[in-house]
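Residue numbers for the sequence shown follow the working numbering, so the first one is 455 and each next one is one higher.
The structure appears right after this line, and notes come after that.
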Amino acid sequence: MNMNANMNMRKLLIVDDERHVVDWLYELFSLESGLDIELYKSYTADGALAILAETKIDIVMTDIKMPGMTGLELMEHIYKRWPFCRAIILTGYQNFDYLYQTRHKFPETMYLIKTEDDDVIVNAVKQQLDRIEADIKTLDLQHEHEDRGMMGAQNLLLKNLSDGKVLWRTTPGRPTPRALQERMDELKLGIDISRPILLVAGKLTPTGKRSCYACLFEIQTTVRKYVSHLFRCVQWTEDGEIFYWLLQPHGAPASQSNIRDMFEDVQSALYELLEIESSFVVSEMFELAELPAKAARLPNQLLYGTGVGAVNAAFSAGGAGGAVVFVAGDSVRHSHQAHIAGSIKQYIKSNLGSDLSLTAIADKLYYNPSYISRMFKRAEGVNISDFINAARIDESKKLLLKGGLNINEISATIGYDSPQYFATVFRKLTGITPHQYQLENRPL
455 MNMNANMNMR KLLIVDDERH VVDWLYELFS LESGLDIELY KSYTADGALA ILAETKIDIV
515 MTDIKMPGMT GLELMEHIYK RWPFCRAIIL TGYQNFDYLY QTRHKFPETM YLIKTEDDDV
575 IVNAVKQQLD RIEADIKTLD LQHEHEDRGM MGAQNLLLKN LSDGKVLWRT TPGRPTPRAL
635 QERMDELKLG IDISRPILLV AGKLTPTGKR SCYACLFEIQ TTVRKYVSHL FRCVQWTEDG
695 EIFYWLLQPH GAPASQSNIR DMFEDVQSAL YELLEIESSF VVSEMFELAE LPAKAARLPN
755 QLLYGTGVGA VNAAFSAGGA GGAVVFVAGD SVRHSHQAHI AGSIKQYIKS NLGSDLSLTA
815 IADKLYYNPS YISRMFKRAE GVNISDFINA ARIDESKKLL LKGGLNINEI SATIGYDSPQ
875 YFATVFRKLT GITPHQYQLE NRPL
């Protein structure tokens with residue numbers, strides 16, 4: 455299944471306590487690498503963990519030695535919660551004996567000396583990206599082989615569970631928890647009945663020629679593609695209109711923003727690939743024995759899903775069983791995206807000299823960083839970082855022609871940490887240096 459390029463954009467997080475290293479790498483990947491990736495940066499390990507708590511990151515590039523937490527300790531945190539994340543460890547010294555020992559602990563991690571050439575560092579990220587894509591294809595093939603043959607039996611068992619027809623514990627003559635677990639294992643559902651789960655209900659409406667029943671497997675594959683990094687996911691439906699997914703975290707529970715991000719991606723993928731509009735509602739964590747009550751009540755929350763304005767109302771009604779994750783409707787979705795993109799552009803243009811990192815913008819506008827990045831790209835066709843650079847360079851042109859400020863002052867005014875970086879971006883976007891532009895365009 456080929457995803458739209460915008461939705462497949464991978465995320466790279468750069469972490470180092472040396473600000474100049476982070477800024478150099480950020481510049482390298484934003485201007486010179488040729489990779490269409492979403493960039494995040496942090497100057498501390500704690501800051502990196504805060505970003506990871508809100509955003510699904512595909513690759514982390516981190517220093518091996520940082521105050522408070524080493525890069526290897528950071529990776530331990532990451533792999534416990536995000537097992538599909540890939541890492542590139544940077545080091546300023548060639549302690550290969552030490553690195554060799556860590557390879558056994560993190561076999562998927564790559565190691566680079568900071569003095570490597572730029573193309574070597576970029577190539578390392580490309581290799582990790584290739585590995586991620588290969589892993590996804592392998593998982594897709596495994597799931598397709600397993601799921602097509604078992605989908606009917608899985609759907610029946612899950613439907614009976616949700617209807618309350620499969621009970622256990624103290625009910626005479628019913629399956630014991632052990633028997634139920636054995637049956638779920640036999641069907642390769644991968645759910646541990648002793649651990650809490652989430653329930654997601656979705657209303658799916660086809661807008662093309664194919665019914666939802668005709669593409670059950672494609673729906674399951676699409677949802678799984680976006681949630682499998684955090685959850686084991688199983689699907690069933692009763693009527694081909696209301697679908698259910700049981701989600702069980704691989705490790706620590708995901709945040710509400712993580713879940714919302716995932717199902718916004720699912721909604722876009724279902725529409726673009728299968729011509730299916732969708733609304734979703736997610737429950738709180740609960741025990742499997744509560745499934746019948748949750749499955750009976752949760753779809754009622756979809757009644758809130760009549761427009762984007764209803765999303766906040768549904769979130770405030772979380773005590774009633776859940777919160778709408780994203781609302782169906784292509785015209786409403788595009789209107790919402792345009793509104794968000796407009797707010798982002800206005801904020802950027804009004805704050806060119808301030809911190810315009812993705813995290814900072816998201817904090818100011820009260821959105822998740824990954825969410826606004828995707829929405830902006832879909833609405834405007836360019837990354838936020840590209841828009842920021844273009845806006846800053848446009849403003850610098852005005853300042854260069856106005857006079858009164860030198861290059862260092864202009865660089866600081868429009869938010870660049872160094873005149874060298876400003877000059878690099880200026881030349882990248884205009885083909886000439888700031889000084890050349892000033893000479894060629896200043897009025898006589």
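Beta carbons: idealized from backbone N, C-alpha and C, even for Gly.
Close-in-space but distant-in-sequence residues of the same chain around residue i (CB under 6 Å, 5 per side omitted)
i	result
Ser865	Pro873 and Phe876
Ser804	none
Lys663	none
Phe830	Ala795, Ile798 and Ile838
Met523	Ala499
Gly644	Arg686
Trp690	Asn609, Leu612, Lys613 and Tyr698
Ile518	Gly525, Ile543 and Thr545
Val688	Leu643 and Leu700
Outcome for residue i when other beta-carbon atoms lying within 10 angstroms are tallied against a minimum of 16
i	result
Pro521	exposed
Ala504	exposed
Leu611	buried
Tyr820	exposed
Pro631	exposed
Gln702	buried
Met739	exposed
Asp719	buried
Ser492	In the sequence under discussion, the amino acid at residue 492 is Glu, which differs from the Ser named in the question. Per the 10 Å Cβ criterion, buried.
Ala706	exposed
Gln721	buried
Met455	Its pLDDT being 36, under 50, Met455 is placed unreliably by the model, and nothing is read from it.
Val836	exposed
Lys856	exposed
Lys619	exposed
Gln755	buried
Ala816	buried
Val574	exposed
Ala750	exposed
Ala723	buried
Asn766	Any answer about Asn766 is weak, because its pLDDT of 34 lies below 50 and its placement is not dependable; what the coordinates show is given next. By the 10 Å Cβ count, Asn766 comes out exposed.
Residue(s) in a DSSP beta bridge with residue i
i	result
Lys465	Glu492
Gln702	Arg686
Ile542	Met515 and Met564
Gly656	Phe697 and Phe734
Phe841	Per DSSP, none; premise fails for Phe841.
Phe740	Ile651
Thr691	Phe697
Spatial distance of residue i from residue j (CA atoms)
i	j	result
Gln710	Ile696	22 Å
Glu731	Thr676	13 Å
Ile886	Phe880	7 Å
Ile838	Asp500	24 Å
Val476	Lys510	20 Å
Asp840	Tyr825	17 Å
Met529	Asn577	21 Å
Leu684	Lys580	23 Å
Ile513	Gln582	7 Å
Val681	Met716	6 Å
Asn801	Leu479	Contrary to the premise, residue 801 reads as Tyr rather than Asn in this sequence. Rounded to whole angstroms, Tyr801 to Leu479 spans 25 Å at the Cα level.
Lys534	Ala502	15 Å
Tyr497	Asn712	23 Å
Arg846	Gly869	8 Å
Ala655	Leu615	15 Å
Leu728	Lys657	14 Å
Glu640	Ala607	10 Å
Lys679	Asp589	11 Å
Ser746	Asp617	Correcting the residue identity first, residue 746 is Pro in this sequence and not Ser. Roughly 5 Å separates the two Cα atoms.
Pro660	Ala792	24 Å
Contacts around residue i, its chain only, beta-carbon distance under 8 Å, and the 5 residues preceding and following it disregarded
i	result
Asp572	Leu482 and Glu486
Ser665	Gly694
Leu859	Leu853 and Thr867
Leu566	Ile542, Ile543, Leu544, Thr545, Val574, Ile575 and Ala578
Sequence-distant residues of its chain with Cβ nearer than 7 Å to residue i (five each side left out)
i	result
Asn843	Val879 and Leu883
Pro742	This sequence places Leu at residue 742; Pro is not what is there. Ile647 and Ile651.
His531	Leu503
Arg540	Asp512, Ile513, Glu562, Gln582, Arg585 and Ile586
Ser827	Glu492, Leu812 and Ile838
**Request:** Decide yes or no for the touch test of the stretch 627–643 against the stretch 669–681: beta carbon pairs closer than 8 Å, at least 3 of them.
**Result:** no
**Item:** Sufficient close CB pairs (3 or more, under 8 Å) joining the stretch 684–703 to the stretch 796–814
**Value:** no
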